[in-house]
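Colleague: Numbering (full-length UniProt numbering), first residue to last: 1 to 176. Every residue, glycine too, gets a C-beta built ideally from N, C-alpha and C. Just so we're clear, the structure is a prediction, and the values are computed from it rather than from any experiment. Below you will find the structure I want to go over with you.
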């Protein structure tokens, strides 16, 4: 397959995941430019992609690095304002306005709580708890050991539980 075809296929498969990852990672909703830059960088650097790993993992790594670079450029105002994140719940037609409002309120509270975490905790929570990457995939994205991922994820969940007074699925560690 040609490089453009590969990236086009990956864009179809992973752009939504990259978009959501960047929203959680940056705390901003206007991340379309970073998503676009992620896939442009992937196209330019495709020869460096190791086909032994997942394209999604590689794209998250690129997106994370671009977000870090972007934050450095906007250092003085990156966390000044956390914009409202609304995730359209499935089955909206069957939801009542109150249920939708509560879900949006919870998503907003979760985003605010995540933004308060230390950077390493924030990264591992987004990748493991929200994007549901495996320990190995998360370790690859963050360039950490698997033990480091497990430890930081456990500690981050503990901090989130204390901040939010619950809201985490205790069994799975997934964020609800």
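If contacts are defined as beta-carbon pairs under 8 Å, then residue 24 and residue 56 qualify, I think. What distance do you get, rounded to the angstrom?
Modeller: Residue mapping note: residue 24 aligns to position 24 of the chain shown, counting from 1. Residue mapping note: residue 56 aligns to position 56 of the chain shown, counting from 1. Contact flag wrong, Cβ pair sits at about 15 Å.
Colleague: Whose C-alpha, out of 97, 2, 136, is nearest the C-alpha of residue 44?
Modeller: Sequence index remark: in the chain shown, residue 44 carries index 44 (1-based). Selected option, being the one with the closest Cα: 2.
Colleague: Over what stretch of residues does the alpha helix (DSSP H) that includes residue 137 continue unbroken?
Modeller: Indexing the chain shown from 1 puts residue 137 at position 137. It spans 135-142 - the alpha helix (DSSP H) in which residue 137 sits, taken as one unbroken run.
Colleague: With 16 as the cutoff for other CB atoms within 10 Å, does residue 39 come out buried or exposed?
Modeller: Residue numbering aside, residue 39 sits at position 39 when the chain shown is read from its first letter. It counts as buried.
Colleague: For residue 124, does the three-state DSSP call read helix, strand or coil?
Modeller: Within the chain shown, the letter at position 124 stands for residue 124. Helix, per DSSP.
Colleague: Round the Cβ separation of residue 27 and residue 127 to the nearest angstrom and send it over; I've been treating them as touching at under 8 Å.
Modeller: As a first step, residue 27 is located in the chain shown; it is residue number 27 there, counting from the start. As a first step, residue 127 is located in the chain shown; it is residue number 127 there, counting from the start. 15 Å between Cβ atoms; not a contact.
Colleague: Decide yes or no for the touch test of the stretch 134-146 against the stretch 51-71: beta carbon pairs closer than 8 Å, at least 3 of them.
Modeller: yes
Colleague: My guess is that residue 17 and residue 131 are in contact by the Cβ rule of under 8 Å, so how many angstroms apart are they, rounded?
Modeller: Taking the chain shown and counting its residues from 1, one reaches residue 17 at position 17. Taking the chain shown and counting its residues from 1, one reaches residue 131 at position 131. Going by Cβ atoms, the distance from residue 17 to residue 131 rounds to 6 Å, so yes, they are a contact pair.
Colleague: Please look up how many angstroms separate the CB atoms of residue 159 and residue 121, rounded, as I've assumed it's under 8 Å.
Modeller: Translated into positions along the chain shown, residue 159 becomes position 159. Translated into positions along the chain shown, residue 121 becomes position 121. Correct: roughly 6 Å between the Cβ atoms.
Colleague: Roughly how many angstroms separate the alpha carbons of residue 30 and residue 70, rounded to a whole number?
Modeller: Position 30 of the chain shown holds residue 30. Position 70 of the chain shown holds residue 70. Roughly 12 Å separates the two Cα atoms.
Colleague: Helix, strand or coil for residue 117, going by three-state DSSP, please let me know.
Modeller: As a working mapping, residue 117 is identified with position 117 in the chain shown. Coil at residue 117, not helix or strand.
Colleague: Using beta-carbon positions only, say whether residue 42 and residue 68 come within less than 8 Å of one another.
Modeller: For the purposes of this step, residue 42 is taken as residue 42 along the chain shown, with counting starting at 1. For the purposes of this step, residue 68 is taken as residue 68 along the chain shown, with counting starting at 1. No; because the gap between Cβ atoms is not below 8 Å, this pair is not in contact.
Colleague: In terms of residue numbering, what span does the alpha helix (DSSP H) encompassing residue 26 cover?
Modeller: As a working note, residue 26 is residue 26 in the chain shown. Element bounds for residue 26: 3-26.
Colleague: From residue 7 to residue 34, what does the alpha carbon distance come to, in whole angstroms?
Modeller: Your numbering for residue 7 matches position 7 in the chain shown. Your numbering for residue 34 matches position 34 in the chain shown. In a straight line, the C-alpha of residue 7 is about 15 Å away from that of residue 34.
Colleague: Could you check the C-alpha separation between residue 97 and residue 162 for me, to the nearest Å?
Modeller: Mapped onto the chain shown, residue 97 falls at position 97. Mapped onto the chain shown, residue 162 falls at position 162. Going by the C-alpha atoms only, they are around 29 Å apart.
Colleague: Grab the span of the alpha helix (DSSP H) containing residue 65 for me, first residue to last.
Modeller: As a first step, residue 65 must be located in the chain shown, where it is residue number 65. Note, residue 65: alpha helix (DSSP H), 55-73.
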